[in-house]
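Quick note: the sequence shown uses the working numbering, first residue 66, plus one each step.
C-beta atoms are modelled at their ideal positions from N, C-alpha and C, and glycine is treated no differently.
Note that this is a predicted model, so its numbers are computed, not measured.
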Amino acid sequence: MSIVTVFASPTSWIESDALAQCHQVAALDGMISVAGMPDLHPGKGAPIGAAMTSTVLYPFLVGSDIGCGIAVFPVRLKRAVPEKLAARFPDLDESPDADDPAWDVIKGDLPAGHTDSIGTVGRGNHFVELARIDTVFEPDHAARLGLAANDLVLIVHSGSRGLGERILRAHTEVHGAGPAADPAAYLAAHDDAVRWGSLNRRLMAARVAHALGAEPTEPVVDECHNLVEVRDGAYLHRKGAARGDGRDVLVAGTRGTLSYLVATHAGPEANYSVAHGAGRKMSRADALRRGKAKHTVEELRRTPVGSLVVCGDRQLLFEEAPTAYKRIEQVIGDLVHHDLATPVATTVPLVTYKTADLRRGRGRS
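Take a look at the structure:
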């Protein structure tokens, strides 16, 4: 059996089911090592928040949302009044119209010719957020990214929508959870989905920038956390884990807490990976049940940090409540303790978009 290492402190909340899934993965043929991040939690058949190296390529270890990631885009606004800006967010549940100026950020054809759901955010833990740079720990590093305290940024967390799901289904219908019969063919389709996810984040950021009266910008950070790469002759699968080999990564907190921009320096013992977010501590069902006992819908539309949440789906409001997630400070502390990353700056949310709230009369962009 391969090595399982979890980069979390004894005080970090790691579910036994997540550890069990790590050991199940470690028992797969060809598995070399499994690195659990401090945001580790159970997933469908495989742990989320893990980086897994193997001589065999297993598509189910990447999952259906191939190319999911988080990008950060600087945005310049004269005034950032959350109440006014929340009402101006476009409907990101619908693809943009053909004449939308946001299309200008897409150069050439879409990968795999996949046009379904382009420019949309999806559900679950995906979001688009207007945030402000709060504390800057490494001013020189932040400056190299063009960021400073009080600057505004758009944070976009989304993936390849139906494309990744289609790729995984084509595999599982024939091979189930088994290895890829043709790794090269899977990797070619996988790479299309990774590119598609990145383009989708750019398109959504451009849609929001235009809607808020700003010019679209290039991302200063765009890191995928559901992917596989060929490294040192092996397959390095990441499921809810970001590439940590010297890249800048936005480790997302929740809509009601800080997020952390970090500089990564993870080595081979961590499979060159870092955490991608706070990580769930409650299932969606538990979050819904507990949340309804404690909060009203209106209470969840404004967060503890004073930001606003755009979300017309009441169930999603509860499922994605900040209390459903681990403490982001604990996750970052574990990354620092294990010398996997250095905090550069924090971001504080102003408006977090989850899904259209049609009560506001929001139209398509």
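Cα-Cα separation between residue i and residue j, rounded to whole angstroms
i: proline 281; j: alanine 177; result: 25 Å
i: leucine 22; j: glutamate 148; result: Any property of residue 22 remains undetermined from this structure, which presents the chain solely from 66 to 430.
i: asparagine 135; j: arginine 226; result: With the sequence shown as reference, residue 135 is identified as isoleucine, and asparagine is not the correct amino acid for it. Rounded to the nearest angstrom, the two C-alpha atoms are 14 Å apart.
i: arginine 429; j: phenylalanine 154; result: Confidence in arginine 429 is poor, its pLDDT being 39 and thus under 50, which makes the residue's placement too unreliable to answer from.
i: alanine 62; j: arginine 354; result: With the chain running from 66 to 430 in the structure shown, residue 62 is simply not present.
i: proline 408; j: alanine 207; result: 10 Å
i: aspartate 404; j: threonine 70; result: 14 Å
i: serine 338; j: leucine 84; result: 18 Å
i: serine 348; j: arginine 379; result: 16 Å
i: aspartate 257; j: lysine 359; result: 43 Å
i: isoleucine 397; j: leucine 277; result: 31 Å
i: alanine 406; j: alanine 328; result: 5 Å
i: asparagine 291; j: alanine 213; result: 29 Å
i: serine 223; j: aspartate 297; result: 29 Å
i: glutamate 363; j: glycine 187; result: 22 Å
i: glutamate 203; j: leucine 105; result: 27 Å
i: glutamate 80; j: tryptophan 168; result: 43 Å
i: aspartate 94; j: alanine 299; result: 13 Å
i: alanine 249; j: leucine 228; result: 18 Å
i: isoleucine 393; j: valine 401; result: 12 Å
i: isoleucine 131; j: valine 170; result: 22 Å
i: valine 321; j: glycine 241; result: The amino acid at residue 321 is misidentified as valine; the sequence shows glycine. C-alpha separation (whole angstroms): 38 Å.
Segment limits, alpha helix (DSSP H) that includes residue i
i: leucine 228; result: 227-240
i: valine 362; result: 362-365
i: phenylalanine 383; result: 379-384
i: glutamate 394; result: 393-402
i: serine 81; result: 81-91
i: aspartate 351; result: 349-359
i: histidine 330; result: First-last for histidine 330: undefined, no H or E at that position.
i: alanine 207; result: 204-209
N-terminal and C-terminal residue of the beta strand (DSSP E) that residue i is part of
i: alanine 410; result: 406-420
i: glutamate 148; result: Segment 147-151 is the alpha helix (DSSP H) holding glutamate 148; no beta strand (DSSP E) there.
i: tyrosine 251; result: Per DSSP, tyrosine 251 belongs to no beta strand (DSSP E); it is in the alpha helix (DSSP H), 248-276.
i: histidine 302; result: 299-304
i: leucine 131; result: Checking the sequence shown, residue 131 turns out to be isoleucine, not leucine. Careful: isoleucine 131 lies outside any beta strand (DSSP E) and carries neither H nor E.
i: glutamate 194; result: 192-201
i: histidine 222; result: 217-223
i: glycine 178; result: Where glycine 178 is concerned, there is no enclosing beta strand (DSSP E), given that its DSSP letter is neither H nor E.
i: aspartate 162; result: Looking at the DSSP string, aspartate 162 is not in any beta strand (DSSP E), and its letter there is neither H nor E.
i: threonine 388; result: Counting along the chain, threonine 388 falls outside any beta strand (DSSP E), and DSSP gives it neither H nor E.
Residue from the options whose Cα sits closest to the Cα of residue i
i: arginine 144; options: Gly128, Ser119, Leu195 and Pro161; result: Leu195
i: lysine 419; options: Lys391, Ala253, Leu381 and Val413; result: Leu381
i: threonine 368; options: Ala207, Glu385 and Gln86; result: Glu385
i: threonine 180; options: Val285, Asp162 and Gly189; result: Asp162
i: valine 90; options: Gly187, Ala115, Cys133 and Ala317; result: Ala115
i: valine 433; options: Ala410, Pro166, Gly101 and Asn291; result: Given that the chain is displayed from residue 66 to residue 430, the structure contains no residue 433 and the question cannot be resolved.
i: valine 218; options: Ile183, Lys304 and Arg197; result: Arg197
i: asparagine 190; options: Lys357, Cys133 and Gly356; result: Cys133
i: aspartate 82; options: Gly95, Gly101, Leu93 and Met96; result: Gly101
i: glutamine 86; options: Val362, Ala73, Pro248 and Lys109; result: Lys109
i: valine 316; options: Glu230, Leu105, Ala92 and Ala343; result: Ala343
i: arginine 234; options: Val375, Thr120, Val127 and Ala350; result: Val127
i: tyrosine 325; options: His341, His275, Phe72 and Glu364; result: His341
Contacts around residue i, its chain only, beta-carbon distance under 6 Å, and the 5 residues preceding and following it disregarded
i: alanine 245; result: Leu122, Pro124 and Tyr251
i: glycine 426; result: Its pLDDT being 48, under 50, glycine 426 is placed unreliably by the model, and the measurement read from it follows with that caveat. No residues qualify anywhere along the chain.
i: serine 98; result: Ser67, Ile68 and Thr118
i: valine 221; result: Ala136, Val193, Arg266, Met269 and Ala270
i: threonine 200; result: Thr411
Chain-order list of residues whose beta-carbon lies under 7 Å from that of residue i (same chain, five-residue window excluded)
i: serine 77; result: Pro103, Gln395 and Asp399
i: leucine 373; result: Pro147, Glu148, Ala151, Arg366, Arg367 and Val416
i: threonine 185; result: Leu157, Asp158, Glu159, Ser160 and Arg226
Residue i: CB within 7 Å of a non-hydrogen atom of the ligand MG
i: arginine 354; result: Ligands are entirely absent from the displayed structure, and the ligand MG is therefore not among its contents.
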